[in-house]
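Let me begin by presenting the structure, written as structure tokens, before commenting on it.
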Amino acid sequence: MAPQALTRQQTDEALAGLPGWSTDGDSIARTYSFAGHLPAAAMVIHVAAIQEELNHHSEMTLGYAKLSVTVNTHSVGGQVTEKDIELARRVEEIAAGHGAS
């Protein structure tokens, strides 16, 4: 079954359980902060592995001690779907282990 775009209300309700995540146009996004560059880079690799497992990929921007993750579903016109929420949940599950705040 093809993913279905979530309404803004459904997206907001899902993000209520994901602190730090917010809507960014037709995407959901979060920026994480770290104590330095290596923990941020390590999280990039971990997120990439999750994306491969889910076969759903986000945009990531790595800075010195920051990582920004932005995700939407291209197959539904770049809107937010449950696939995006699931990826955000999985990223949140690993963030603390990398020292992210």
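Following the UniProt record's numbering, the numbering of the sequence shown begins with 1 at its first residue and continues without gaps.
Backbone N, C-alpha and C define an ideal beta-carbon position, used for all residues, glycine too.
These numbers come from a predicted model, not from an experiment.
C-alpha gap between residue i and residue j, whole angstroms
i: Asp26; j: Met60; result: 16 Å
i: Ile50; j: Ala42; result: 13 Å
i: Ser58; j: Arg30; result: 11 Å
Bridge partners - residue i, DSSP secondary structure assignment
i: Val71; result: Ile28
i: residue 102; result: The structure shown does not extend to residue 102, since the chain is modelled only from 1 to 101, so the question has no answer here.
i: Gln79; result: Thr73
Residue range of the unbroken beta strand (DSSP E) whose run includes residue i
i: Thr11; result: Looking at the DSSP string, Thr11 is not in any beta strand (DSSP E); the run it does join, the alpha helix (DSSP H), is Arg8 to Leu15.
i: Leu62; result: Glu59 to Leu62
Candidates the options: closest to residue i by CA position
i: residue 113; options: Glu13, Leu87 and Ala35; result: Lying before the first or after the last residue shown, residue 113 is absent from the chain, which here runs from 1 to 101.
i: Tyr64; options: Val91, Glu86, Val44 and Val76; result: Val44
i: Ala96; options: Ala40, Asp84, Thr81 and Asn55; result: Ala40
i: His56; options: Lys66, Ser68, Val80 and His37; result: Val80
i: Thr70; options: Leu54, Glu52, Val76 and Leu87; result: Leu87
i: His98; options: Glu52, Ala29, Ser33 and Glu13; result: Ser33
i: Glu93; options: Ala5, Val76, Gly20 and Pro3; result: Gly20
i: Ala48; options: Val91, Ala2 and Pro3; result: Val91
i: Gly78; options: Glu53, Glu13 and Thr23; result: Thr23
i: Ile85; options: Leu67, Ala2 and Ala16; result: Ala16
Exposed unless 16 or more other CB atoms sit within 10 angstroms - verdict on residue i
i: Asn72; result: buried
i: residue 114; result: As displayed, the chain neither begins before 1 nor continues past 101, which places residue 114 out of reach and without an answer.
i: Arg89; result: exposed
i: Leu38; result: exposed
i: Leu54; result: exposed
i: Thr11; result: buried
i: Ala2; result: exposed
Where the alpha helix (DSSP H) containing residue i begins and where it ends
i: Met43; result: His37 to Leu54
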